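**Q** Sharing a structure with you now.
Residue numbers (our numbering): 1 to 194.
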């Protein structure tokens, strides 16, 4: 039994049953082995959760690296769109990346400052570029990126909890709030919106 097969089984359980249904018993049943056999490849359930989180984060990183916008603000807006698409098209993989209680989950601010999040590192570069161009205010790049991340994650969570009347309404409000967030940081610098 390979580690990859167990991880594939865990992803299948996650896709089928969501975070709340992810148990070692279900994973090992899906993989066709005893619960104890899994521990030859994963020290404990936490190690399996870390592997699922890493898989989700790798998928997220791939989406971020595919963004081709050349202007920093355009890139940040495209990142928010990629995040939205990831959340809605691959909800369980998204959950693994951002909501799984994995022992090695990224911790703010230390892990982000240390570069443990490649996507956050890309975002910080774009924020710094936008600041250098006078498009964002003087707030520290990490503060801007955290506010931006919290906004999009919060809006996605609200949508998935049925707090909007339609997907169309949600997408419109999501895009508007992303723009307001960026405009707010720009206005903070100049005293007027971009």
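Using N, Cα and C, we set each Cβ at its ideal position, and we do this for glycine too. Values in this document were obtained by computation on a predicted structure and should not be read as measured data.
Give a yes or no on whether the C-beta atoms belonging to residue 45 and residue 24 are separated by under 8 angstroms.
**A** Yes; because the gap between Cβ atoms is below 8 angstroms, this pair is in contact.
**Q** Suppose only complete runs of 4+ residues qualify. What are the alpha helix (DSSP H) ranges in the segment 9-45, listed by chain order?
**A** For the segment 9-45, whole alpha helix (DSSP H) runs of length 4 or above, ordered along the chain, are 24-31, 35-38.
**Q** Check each candidate in 56, 77, 35, 71 and name the one with the smallest Cα separation from residue 145.
**A** Checking every option, the nearest Cα to that of residue 145 belongs to 77.
**Q** Look up residue 194 in the DSSP assignment and say whether it is helix, strand or coil.
**A** Legend: pLDDT at residue 194 = 47, less than 50; position of this residue unreliable, value from coordinates given subsequently. In the structure shown, residue 194 sits in coil (DSSP, three-state: anything other than H, G, I, E or B).
**Q** Determine, using beta carbons only, whether residue 52 and residue 11 come nearer to each other than 8 angstroms.
**A** Yes. Within cutoff.
**Q** Should residue 135 be labelled buried (16 or more other beta-carbon atoms within 10 Å of its own) or exposed?
**A** Burial call: buried.
**Q** So, is residue 56 buried or exposed, given that buried needs 16 or more other C-beta atoms within 10 angstroms?
**A** When all chains shown are included, residue 56 counts as buried.
**Q** Buried or exposed: where does residue 40 fall if 16 or more other Cβ atoms within 10 Å of its Cβ makes it buried?
**A** Classification for residue 40: exposed.
**Q** Would you give the residue range spanned by the alpha helix (DSSP H) that residue 99 belongs to?
**A** Per DSSP, residue 99 belongs to no alpha helix (DSSP H) and is neither H nor E.
**Q** Can you have a look at residue 65 and say buried or exposed, based on whether 16 or more other CB atoms are within 10 angstroms of its CB?
**A** Label assigned to residue 65: exposed.
**Q** Roughly how many angstroms lie between the CA atoms of residue 133 and residue 141, to the nearest whole one?
**A** In a straight line, the C-alpha of residue 133 is about 14 angstroms away from that of residue 141.
**Q** Label residue 20 either buried or exposed according to how many other C-beta atoms from any shown protein chain fall within 10 Å of its C-beta, with 16 as the threshold for buried.
**A** Classification of residue 20: exposed, given that the 10 Å Cβ count is below 16.
**Q** Tell me whether the beta-carbon of residue 151 lies closer than 8 angstroms to the beta-carbon of residue 177.
**A** Yes, Cβ-Cβ distance for residue 151 and residue 177 is below 8 angstroms.
**Q** Can you check whether the CB of residue 156 is closer than 8 angstroms to the CB of residue 79?
**A** Going by C-beta atoms, residue 79 is not nearer than 8 angstroms to residue 156.
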